[in-house]
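The numbers in the UniProt record's numbering rise by one with no breaks, and the one at position 50 of the sequence shown is 50.
Ideal placement from N, C-alpha and C gives every residue a C-beta, glycine not left out.
Input: a single structure, listed below in structure tokens.
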Amino acid sequence: MKPWLIFGAGQGVGAHLLALANQHENAALHPRPVTLLIRNPQQAQALRSNNLTVVCGDACDPQSVLEACQLAGPEAAIISTLGSRSADYQGNRLIVDTAEKLGLKRMLLVTSIGCGDSWSTLSPRAKAAFGQAVREKSLAESWLQTSNLIYTLIRPGGLLDKPATNNAIRLQTEAHGMVTREDVARHLSQMIEDPTTYYQIYALIEPKLAN
Numbered sequence: 001m002k003p004w005l006i007f008g009a010g011q012g013v014g015a016h017l018l019a020l021a022n023q024h025e026n027a028a029l030h031p032r033p034v035t036l037l038i039r040n041p042q043q044a045q046a047l048r049s050n051n052l053t054v055v056c057g058d059a060c061d062p063q064s065v066l067e068a069c070q071l072a073g074p075e076a077a078i079i080s081t082l083g084s085r086s087a088d089y090q091g092n093r094l095i096v097d098t099a100e101k102l103g104l105k106r107m108l109l110v111t112s113i114g115c116g117d118s119w120s121t122l123s124p125r126a127k128a129a130f131g132q133a134v135r136e137k138s139l140a141e142s143w144l145q146t147s148n149l150i151y152t153l154i155r156p157g158g159l160l161d162k163p164a165t166n167n168a169i170r171l172q173t174e175a176h177g178m179v180t181r182e183d184v185a186r187h188l189s190q191m192i193e194d195p196t197t198y199y200q201i202y203a204l205i206e207p208k209l210a211n
């Protein structure tokens, strides 16, 4: 069972993914090793009380990222759901660089629809509203793709805090729509050890979902 190293587990998609970490057969006897980097000290302490390996620090701090990667070990799969102005590129770049140095091999990166070659599909209004974040995330995608890590890029549509529908779909064509954060986490958990998703880019939406 592959260990997980999650960046961004304090909230949103990352928190939902953490909740899924040990929803597997024989979880009681063989819990999945999970390492987290958490910025908030109180939250970090609360998670440690659940027998999780937690580094309290920032994804843009080299020492914090180094410690998290060392604790997780070279067999760990990295999942980054970071979403902040500083971390979108700089944090994810640091994670990729540190993983390469320490010999970690697998990374899944959650960005957004509009990143990379899907930029042209965004409306002028969308580009004006969140184009800067999309461009930063696109830089992170490029940095990961040109590393030696086995990557998967996940570009969800508009994120909603609603219960999972289990109807979200992965597309490798132009896509627009919404998706719940919980559904994104479910798809992530399915892709981590699936070789068919290696070196692939997916848009993720729930076609019938309205905001």
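Asked, Found
"Option in Ala-133, Tyr-199, Gly-114 with minimal Cα separation from Leu-82", "Ala-133"
"Terminal residues of the alpha helix (DSSP H) in which Ser-120 lies", "Taken as a continuous stretch (DSSP letters only), Ser-120 belongs to no alpha helix (DSSP H), as it is neither H nor E."
"Alpha-carbon to alpha-carbon, Asp-88 and Arg-135", "9 Å"
"Backbone CA spacing between Glu-193 and Asp-58 [nearest angstrom]", "27 Å"
"Cut-off 7 Å between Cβ atoms - residues of its own chain near Ala-72, not counting five sequence neighbours on either side", "Pro-3, Leu-5, Thr-35"
"Start-to-end residues for the alpha helix (DSSP H) that takes in Ile-192", "Where Ile-192 is concerned, there is no enclosing alpha helix (DSSP H), given that its DSSP letter is neither H nor E."
"DSSP-derived helix/strand/coil call for Tyr-198", "coil"
"Cα-Cα separation, Arg-170 to Leu-209", "14 Å"
"Nonlocal neighbours in the same chain, by C-beta distance under 7 Å from residue 228, ignoring five residues either side", "Any answer about residue 228 is impossible in this case: the structure gives the chain only from 1 up to 211."
"Coil, strand or helix - Thr-81 by DSSP", "coil"
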